[in-house]
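K.L.:
The structure's right below; bear with me while I get my questions together.
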Amino acid sequence: MDAKALILLDLKETRRRFIKAASSIPDRYIHWQPDATALSVGQMIRHVLEHDYYWHMILTEQRLPTEEETTSMQDRPYASIQDEIERNEAHHVRFLSYVESLDVRAFETLLIRWPHRPIQRYLGDALERKSYHDAVHTGQLLQYMRMLQISRPDIWD
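The sequence shown maps to residues 4 to 160 in my numbering.
Here it is in structure tokens:
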């Protein structure tokens, strides 16, 4: 398995496990947050799912979306967890298609600069960081579920 296949596997598995965790949370908890400064369940789910849109734009256009481009996504009321998943699926498919289209050499040669931070990494490293970001939030959702005393799915299948 080459670097691209491994990164794609990691991105897909991280997303699958995040969806498994998120889908296990009853909708009645969508606005719950452990404290006043933490993300709510819905905010965290939306944050992770919209992340593909942001990353695709950083990788293809070297910029973040404008406020105008994100307002309709961020101002939308939280209807259900499944609605969040379905609304963002196209971003995930587009992001994975872009990664699949890359030449494996780009993972070691294409330098990615974050437009909002003084960070730059080679593409392979940057994509692993995206996967890590999503995995961290999966862990946070599982902790939220523990705090709510609701069943947590076995994501280690």
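For every residue, glycine included, the Cβ atom is placed at its ideal position computed from N, Cα and C. Computed from a predicted structure; not experimentally measured.
(1) Tell me whether ILE48 sits in a helix, a strand or coil according to DSSP, three-state version.
(2) Hey, could you find the ends of the alpha helix (DSSP H) ARG149 is sitting in?
(3) Is ILE115 helix, strand or coil by DSSP?
(4) Excluding the 5 residues flanking ALA138 on each side, which residues of the same chain have their C-beta closer than 7 Å to its C-beta?
(5) Which same chain residues, not among the five before or five after ASP5, have their C-beta less than 6 Å away from its C-beta?
(6) Name the DSSP bridge partner or partners of GLN123?
(7) Compare the beta carbon distance of ILE28 and GLU87 with 7 Å and say whether it is the shorter of the two.
(8) Short of 6 Å in beta carbon distance, which residues of its chain neighbour LYS23, apart from the five on each side in sequence? Order them along the chain.
P.N.:
Reading off the structure:
(1) helix
(2) 126 to 151
(3) strand
(4) THR17
(5) These residues qualify, in order along the chain: VAL107.
(6) ARG116
(7) no
(8) Excluding residues within five positions, the ones whose Cβ falls inside 6 Å are PRO156, ILE158.
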